[in-house]
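These notes concern the structure reproduced below.
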Amino acid sequence: MSTPSSPALHAAHPAPPVVLVAEDSPTQALKLQFLLEDAGYTVLLASDGEQALHLATDQQAAHRPDIVITDILMPWLDGYQFTKALREHPATASLPVLMLTTLSDPKDIVQGMECGADAIVTKPYDDGQLLDQIARLLQHTGTQSPPTYKGRELALPENPHRLFSLLLSTYESAVAQTRKLDLACAT
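Under our numbering, read the sequence shown as residues 114 to 300, first letter to last.
This is the structure we're talking about:
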């Protein structure tokens with residue numbers, strides 16, 4: 114697991130990376146704050162998408178975010194609207210956005226992709242998986258290099274439809290299996 118003190122991330126970010134968390138649940142926001150600060154990140158908290166957008170785009174801010182973690186279901190601006198607004202603003206258009214949500218329907222994943230999210234992690238999440246995802250997004254920020262997984266460079270298909278179909282079908286299969294397990298455990 115990469116942390117802010119690892120050489121790859123420290124070279125790209127002399128100061129600890131700044132994570133902007135947009136989360137309307139105070140309990141969830143504090144849980145994320147403790148996890149991220151314990152991992153060495155600097156954390157900015159926003160209780161809704163509108164406040165988060167202001168923090169992300171404020172040119173006078175002491176800390177500018179290096180990555181955003183946003184809930185989807187929030188007041189004022191939901192996570193989709195917030196992410197779309199980030200993509201439309203020149204200062205934040207390439208900022209990595211990770212959506213953290215209880216929503217798990219494939220249509221929610223497609224909507225996240227359409228608004229410009231870089232990753233979606235469902236709640237409840239595994240702390241280690243979330244930290245790995247953050248490190249991976251920070252590592253690939255602003256690069257056109259091929260993606261890597263567990264240290265191995267990936268050769269992606271040229272056809273975006275094939276990639277989308279593969280990812281969506283895998284996700285749909287995982288959701289179906291989870292529902293079957295939930296039903297089996299309930300009986």
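C-beta: ideal position from N, C-alpha, C; glycine also.
Rounded to whole angstroms, the separation of the alpha carbons of Ala297 and Val134 is 35 Å.
The straight-line gap separating the alpha-carbon atoms of Gln252 and Val132 is approximately 14 Å.
In this structure Gln242 is exposed. Its beta-carbon is surrounded by fewer than 16 other beta-carbon atoms within 10 angstroms. The Cβ neighbour count for Val223, taken over all protein chains shown within 10 Å, is under 16; the residue is labelled exposed. Ranking Asp161, Pro127, Tyr262 and Pro188 by CA distance to the CA of Asp245 puts Tyr262 first. Taking one beta carbon from each stretch, the region 143 to 150 and the region 192 to 206 have fewer than 3 pairs nearer than 8 Å; the two do not touch.
Comparing alpha-carbon positions, the option among Leu186, Ala204 and Ala248 lying closest to Thr235 turns out to be Leu186. Each residue's CA atom was taken as its position, placing Leu279 and Trp189 some 34 Å apart.
Between the alpha carbons of Ile247 and Tyr193 lies a gap of roughly 19 Å. Looking at the DSSP output, Ala159 shares a beta bridge with Ala135.
For the region 197 to 244, the full-length beta strand (DSSP E) segments reaching 3 residues or more read 210 to 214 and 232 to 235 along the chain. Where Thr300 is concerned, there is no enclosing alpha helix (DSSP H), because DSSP gives it neither an H nor an E.
Straight-line measurement puts the Cα of Asp240 at about 17 Å from the Cα of Pro130. One thing to note: Ala142 has its Cβ within 7 Å of the Cβ of Leu158.
Looking at the backbone, the Cα of Arg177 and that of Leu211 are separated by about 16 Å.
Taking a C-beta distance under 7 Å as the contact criterion, Ile182 and Pro209 do not qualify as a contact pair.
Beta-bridge partners assigned by DSSP to Tyr262: Arg265. Between the C-alpha atoms of Lys144 and Glu136 there is a straight-line separation of about 11 Å.
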